[in-house]
Amino acid sequence: MQQQLFDNHGRPINYLRLAVTDRCNLRCFYCMPEEGIHYLPKKELLTFEEIERLVTLMASMGISKIRLTGGEPFVRTDLMQLIRKIRQIKGIQDIHITTNGVLTAPFIPELKELGIASVNLSLDTLDRDRFKQITRRDEFDKTWEVLQLLLTAKIPVKLNAVVMDGKNIDDIIPMVELAKDHPISVRFIEEMPFNGEGNHYAKLFWTHHKIVEHIRLAFPSLQKVDDPKSSTAYHYQIPNFKGNIGVIAAFSRTFCGTCNRIRVTAQGVLKTCLYDDGVLNIKNLMREGRSDEELKQQLMKAFSNRPKDGFEAEQKRSNKKVNESMSTIGG
Ligand code: SAM
Ligand code: SF4
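FYI, in the numbering used here the residues of the sequence shown are 6 to 336.
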């Protein structure tokens, strides 16, 4: 039986979100600036061998679920080779991917064959022009096509839409309607301050409450349903809809009490909370030649010093200003 890992607050940790690159082919304005992005030199990224070693180690400690994210994961050369390697690692039961879909289409048959557990497709609008305004690239058609291909391949799909005041509010209801005829989980995410520029409002207007209220006005039959264990989303159902609706309080941080996830950034730094600024440089330890046992000890130390929530993590940051891009964190 696989080992169970707990943090200092008694929360099980079994889920790793791994950023395989900080690079991206889109420029979503809530994630990164349009220009002047300083991508990491390639040698600063974890190599596939380092990732394999780290995931194997973490799996032996109790990690059973992994999400590959970034940046855009499919921008990393030979991503499928990495996925095939991770598939072989004992203890990793589920592999998930978060992608913007632009480069994803050719890989769908292989993802299906490898038994990918689900794909989170980021799509903030159903309108081509708005897509271009938000992502600063004219790639709506590719993302839309990938949604159709994933549905046809019967790979479980979650759509991720960041709710942005003055940008895509008119899209909320049409996106909910996608769940009527398709078995999709449509998830609306509160906008977080990780836009790579450090400029962010102090108070959020489109909170999870406001998003739910807005949906309920159009669909009075919206019902709250049980949330899966450790889920960050509040789940809702509309009678006779094939899919469901999720609302993620990413800025309000109401889900920390059951948080089961850790992150490793593109540069190989461990984050035990989305809002901390990195608690352990695993890449450096590996490149210094530390043994698996030493790495394990350092990881355990970090897991037993985990902040109780995102507010405590933010307070403890050495760099007080939240100015990093979500693409480096691994959203
Ligand atoms: N490039 C891939 C994509 O967009 O799906 C994976 C990486 S992206 C950083 C992962 C998720 O983070 C996306 O669903 C994106 O919408 C979300 N995200 C990025 N910046 C965000 C922000 N400031 N607030 C909330 N969600 C954000
Ligand atoms: Fe790229 Fe994803 Fe960030 Fe958009 S949200 S810029 S697609 S990493």
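Just so it is clear, CB atoms sit at the ideal spot from N, CA and C, and this is done for glycine as well.
Worksheet item: Quick one, which of Val191, Asn286 and Glu293 has its alpha-carbon nearest Lys306's?
Response: Asn286
Worksheet item: Does the Cβ of Glu77 lie closer than 7 Å to at least one heavy atom of ligand 2?
Response: yes
Worksheet item: Among the residues of its own chain, which have a CB less than 6 Å from the CB of Arg221, if the five just before and after it don't count?
Response: Leu227
Fill in: Same chain, Cβ closer than 6 Å to Met197, neighbours up to 5 away in sequence not counted
Ala255 and Phe256
Discussion item. For Asn173, tell me which candidate among Thr140, Ile253 and Leu275 has the shortest Cα-Cα distance.
Written reply: Thr140
Discussion item. Only counting the same chain, and skipping five residues up and downstream in sequence, which positions put a Cβ closer than 7 Å to that of Val167?
Written reply: Tyr35, Asp129, Ile194 and Glu196
Worksheet item: Considering only C-alpha positions, which residue in the set Leu209, Asp232 and His219 is nearest to Ile178?
Response: His219
Item to complete: Quick one: give me the first and last residue of the alpha helix (DSSP H) that Phe242 is part of.
Response: Checking the displayed sequence, the identity of residue 242 turns out to be Gln instead of Phe. Looking at the DSSP string, Gln242 is not in any alpha helix (DSSP H); the run it does join, the beta strand (DSSP E), is Ala238 to Gln242.
Discussion item. For Ser127, list the residues DSSP reports as bridge partners.
Written reply: Asn165
Discussion item. Can you check which of these residues, Pro244, Arg292, Ser236 and Ile334, is closest to Asp282 by C-alpha distance?
Written reply: Ile334
Fill in: Close-in-space but distant-in-sequence residues of the same chain around Tyr20 (CB under 6 Å, 5 per side omitted)
Lys70, Asn265 and Arg266
Discussion item. Alpha carbons only, please: which of Cys278, Met37, Pro46 and Arg192 is nearest the one belonging to Ile216?
Written reply: Arg192
Worksheet item: From which residue to which residue does the beta strand (DSSP E) around Arg295 run?
Response: First-last for Arg295: undefined, no H or E at that position.
Discussion item. Out of Asn125, Leu304 and Asn30, which one is the CA nearest neighbour of Asn13?
Written reply: Leu304
Worksheet entry | ligand 2 heavy atom lying under 7 Å from the CB of Arg268 | no
Discussion item. Mapping the DSSP letters down to three states, classify Phe11 as helix, strand or coil.
Written reply: strand
Worksheet item: How is the beta strand (DSSP E) around Leu275 delimited, first residue to last?
Response: Val274 to Lys276
Worksheet item: What alpha helix (DSSP H) runs, 4 residues minimum, are completely inside the segment 147–199?
Response: 177–186
Worksheet entry | Three-state secondary structure assigned by DSSP to Ser330 | strand
Discussion item. In whole angstroms, give me the CA-to-CA distance for Val309 and Cys261.
Written reply: At residue 309 the sequence reads Ser, which differs from the Val that was named. So the alpha carbons of these two residues sit roughly 16 Å apart.
Discussion item. Taking the straight line between their C-alpha atoms, what separation do you get for Asp175 and Phe79?
Written reply: 30 Å
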